[in-house]
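In the working numbering, the protein residues as written are 141 to 260. Backbone N, C-alpha and C fix where the C-beta goes; we use that ideal spot for every residue, glycine too. In what follows, a structure is listed as structure tokens, so that the remarks can point back to it.
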């Protein structure tokens, strides 16, 4: 017998299970940026569904690592670093590949970027 409680539970599972599975399937964005030290690094983009997302981490001795959900299509994203002396943005393309960035925060738009298939 279908009850309202069971119907509601089934509806919630239908809505949230795809999101949960997407969260488990992530890519890694990492890099070494001279001058980063322990400053904040964040990435922002509109995901496959058009929802604005933002993920943040702190650098550690010029190195950072972020994990973000894989995207089914190619998404334009902005990697940002902001401090009293530096306000820089680097455009990245996100989908199903890990991303590595290296360069200097004083010239972030010129940083080198490499993309590798997850597991490679």
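Taking the beta strand (DSSP E) that residue i falls in, what are its first and last residues?
| i | result |
| --- | --- |
| residue 217 | 215 to 222 |
| residue 183 | 180 to 186 |
| residue 198 | 192 to 198 |
| residue 205 | 203 to 209 |
Bridge partners of residue i, per DSSP?
| i | result |
| --- | --- |
| residue 237 | 257 |
| residue 169 | 206 and 239 |
| residue 228 | 221 |
Is residue i helix, strand or coil when you go by DSSP?
| i | result |
| --- | --- |
| residue 176 | coil |
| residue 189 | coil |
| residue 246 | helix |
Is the separation between the beta-carbon of residue i and that of residue j shorter than 8 Å?
| i | j | result |
| --- | --- | --- |
| residue 221 | residue 239 | no |
| residue 210 | residue 166 | yes |
| residue 177 | residue 199 | yes |
| residue 246 | residue 175 | yes |
| residue 219 | residue 233 | no |
Does the beta carbon of residue i sit closer than 8 Å to a beta carbon anywhere in chain D?
| i | result |
| --- | --- |
| residue 252 | Chain labels in this structure do not include chain D; a single protein chain is all it has. |
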